[in-house]
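As C-alpha cells, the structure follows; a few thoughts come after it.
Residue numbers (my numbering): 854 to 1319.
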C-alpha cells in the first residue's frame, strides 16, 4: 500500500488500465485458443472426410467380393472363380490405397479414432485368412456372409464414430447422412448376397426373413438420409432412382416374395446378382457424390474456421490497440495537465510569475487546480509588488537616514571646525589679551612713571613757582 501511495499518478492510471486490459487479454487469449482448437478440429474434418471416402471405397469393393464369393461357394466352388479372383484384386487395390493414405498422414488425429482406425486395419488384415478358408471349402455361405459383414461393419462403425466426434454440427449431420447412405448401401449388398442364395437354392424362412428385413432397413436408412442430407443431394439421389435398374430390382423382389410364399419360379441367381450389382453401382455414384460434397463442406468449414480465427485475432488486436490508445490518450489527458500545473507551481515557487496556465475556464478538476494556482500566482505577484514597494520605501528611508547622517556629520564637522576656529580665535584672543595685559602693565608702569614724573614735574614746577 505504501508503494502505491508513492507511485506517480501516471503509473497509477497505467495500473488501473492494465488490470482490465490483462483481463481482456486473458479472455481474448482463451477465445482465440478455443477458436484455434475449432480450426484445428475442422481441419481434421478434411482428414476424416478423406478417411471416410477411403472406407467407402473399401466397403464397396468388399461388398462386391462378398457377393461374388457367395456365388462361388453356392456353386460348390465350380463357378465364378475368375470373378472372385478379379474382385479380390480390386479390393486389394483400394485397400492398399487406403492404407497408404493412412501411412502418409491422412489418418485420424483423435485417439478414439486412431484406435478405431487400428481396429479397421486389423480387420482388413484378416481378409487373407477369410479368403483362404473360402478357397479351402471350410466356410459355408452363411459363415462367409457373416465374416464379410463383420469386416464391413468395423469400417462403417469408424465412420459413425467420425460423425459423433465431429466438432461442427453441420459436419456431424453431413457425416451422419453419409453413414446412413453407406449403411443402406451395405444392406443392399447384403440383400444381393441373400437374394442370390435364395434364387440359387430355396428361400427358406431364415433367408426370406433376412431379405425382407434388409429391404425394410434400406427404406428406413434412405428415409433418414433424405431427412438429414442437403436438398441438392436428395434431388441427386431421387434422380438416380429413376434409373430402369431400380424397376428391375423391384420386380425381382416381387419374384422373391412369390417364390418364398407361393413357390414361384423366381429368377436366375446370376441375373439377380447382375441387376442388384448395377443397382449398388448406381448407389455408389450417389455415395461418391455425397463424399465429394462432404470433402467440399469440410474444406469450407475448415476455411471458415481459419478465417474466423484470423478475424478474431485481428479484432482482438484492434481492440487491444484501441484500448491501449484510449488508455494513453486518457492518461495523457490527465497526467498532461497535472504535469503542466506541477511545472507551473515549481516555476512559481522559484518566483517565476510569467507562467501561463491552461484550462482556467474549465469546470473540471483541472480548471479548479489551474484557478487555485492562478490565485497563488496573483498573490505572489501582489507579494512581490508589496515587497518592492517596501523595498523602495526602505531605500527612501535609508537615503534620508544617510542624508541626515551626512548632514549631521557635516554639521558636526562644521561645528567642530567652527569650534576649532573659535578655539584658535580664543587662544589668539587670550594671547592678545595677555599681550594687552602686558602692554597694560607696561603702560601702567609707564603711566606710573609718567605720573611720578608729572608729580615730580609738578613738584618741580611748584618748586620753581614757589
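Ideal Cβ placement from N, Cα and C applies to all residues, glycine included.
Source: prediction; values computed, not measured.
Rounded C-alpha distance that separates residue i from residue j
i, j, result
"residue 1010", "residue 1036", "10 angstroms"
"residue 1034", "residue 1078", "6 angstroms"
"residue 1177", "residue 911", "57 angstroms"
"residue 988", "residue 914", "19 angstroms"
"residue 902", "residue 868", "50 angstroms"
"residue 1253", "residue 1267", "20 angstroms"
"residue 1189", "residue 1173", "23 angstroms"
"residue 1196", "residue 1261", "53 angstroms"
"residue 1340", "residue 1154", "Because the chain spans 854 through 1319 in this model, residue 1340 falls outside it and cannot be assessed."
"residue 1280", "residue 1239", "59 angstroms"
"residue 1235", "residue 1241", "10 angstroms"
"residue 946", "residue 978", "14 angstroms"
"residue 1072", "residue 1065", "11 angstroms"
"residue 964", "residue 1096", "43 angstroms"
"residue 1284", "residue 1259", "36 angstroms"
"residue 1123", "residue 930", "15 angstroms"
"residue 1246", "residue 1218", "41 angstroms"
"residue 981", "residue 1089", "37 angstroms"
"residue 1018", "residue 1167", "29 angstroms"
"residue 883", "residue 1175", "20 angstroms"
"residue 1158", "residue 968", "27 angstroms"
"residue 880", "residue 1171", "15 angstroms"
"residue 1016", "residue 995", "31 angstroms"
"residue 1224", "residue 1179", "28 angstroms"
"residue 983", "residue 1162", "49 angstroms"
"residue 1156", "residue 1139", "25 angstroms"
"residue 1069", "residue 1044", "11 angstroms"
"residue 960", "residue 1113", "Here the model assigns residue 960 a pLDDT of 48, short of 50, so the residue's position is not dependable and the matter cannot be decided."
"residue 861", "residue 1164", "38 angstroms"
"residue 1102", "residue 1160", "48 angstroms"
"residue 944", "residue 950", "10 angstroms"
"residue 1087", "residue 1137", "14 angstroms"
From the options, residue whose alpha carbon lies closest to that of residue i
i, options, result
"residue 955", "1138, 1095, 1133 and 906", "906"
"residue 871", "1288, 1181, 924 and 1129", "1181"
"residue 1204", "1237, 1053 and 1142", "1237"
"residue 1141", "977, 1031, 1263 and 1043", "1031"
"residue 1042", "1130, 1166, 972 and 1241", "1130"
"residue 1050", "878, 1229, 921 and 1223", "921"
"residue 972", "1070, 1101, 949 and 1007", "1007"
"residue 1117", "900, 1089, 861 and 1105", "1105"
"residue 1075", "1102, 1053 and 1039", "1039"
"residue 875", "1165, 1169, 1115 and 861", "1169"
"residue 1125", "953, 1098 and 1137", "1098"
"residue 999", "1014, 1047 and 1186", "1047"
"residue 1201", "1187, 1192, 1233 and 1191", "1233"
"residue 1003", "975, 1186, 1135 and 1132", "975"
"residue 970", "990, 991, 1014 and 985", "1014"
"residue 1132", "1213, 1107 and 1100", "1100"
"residue 1053", "1121, 1093 and 1151", "1121"
"residue 1150", "1215, 1288, 1263 and 1082", "1082"
"residue 966", "1012, 953 and 1256", "1012"
Assumed close pair residue i, residue j - CB separation to whole angstroms, cut-off 8 angstroms
i, j, result
"residue 1128", "residue 1119", "About 13 angstroms; that fails the 8 angstroms criterion."
"residue 1227", "residue 1210", "6 angstroms"
"residue 916", "residue 1005", "7 angstroms"
"residue 1001", "residue 1062", "Not quite, the Cβ-Cβ distance comes to about 20 angstroms (not below 8 angstroms), so this is no contact."
"residue 993", "residue 926", "7 angstroms"
"residue 885", "residue 1184", "Wrong, their Cβ atoms sit about 27 angstroms apart, outside the cutoff."
"residue 1230", "residue 1208", "7 angstroms"
"residue 899", "residue 1192", "So it is not a contact: roughly 58 angstroms between Cβ atoms."
Simplified DSSP state of residue i, which is helix, strand or coil
i, result
"residue 1213", "coil"
"residue 1203", "coil"
"residue 1130", "helix"
"residue 810", "This structure does not reach residue 810, given that the chain is present from 854 up to 1319, and the question cannot be answered."
"residue 1150", "helix"
"residue 1183", "helix"
"residue 1240", "helix"
"residue 1083", "coil"
"residue 1066", "helix"
"residue 974", "helix"
"residue 1121", "coil"
"residue 931", "coil"
"residue 1015", "helix"
"residue 1208", "coil"
"residue 960", "Residue placement at residue 960 is poorly supported in this model, since its pLDDT is 48, which falls under 50; the coordinates are not used for a value here."
"residue 1035", "helix"
"residue 1281", "helix"
"residue 871", "helix"
Evaluate contact between the segment 1139–1153 and the segment 1018–1030, counting only Cβ atoms and requiring at least three cross-stretch pairs below 8 angstroms.
-> yes
Segment contact, 8 angstroms Cβ cut-off, at least three pairs: the segment 1053–1067 with the segment 931–938 | no
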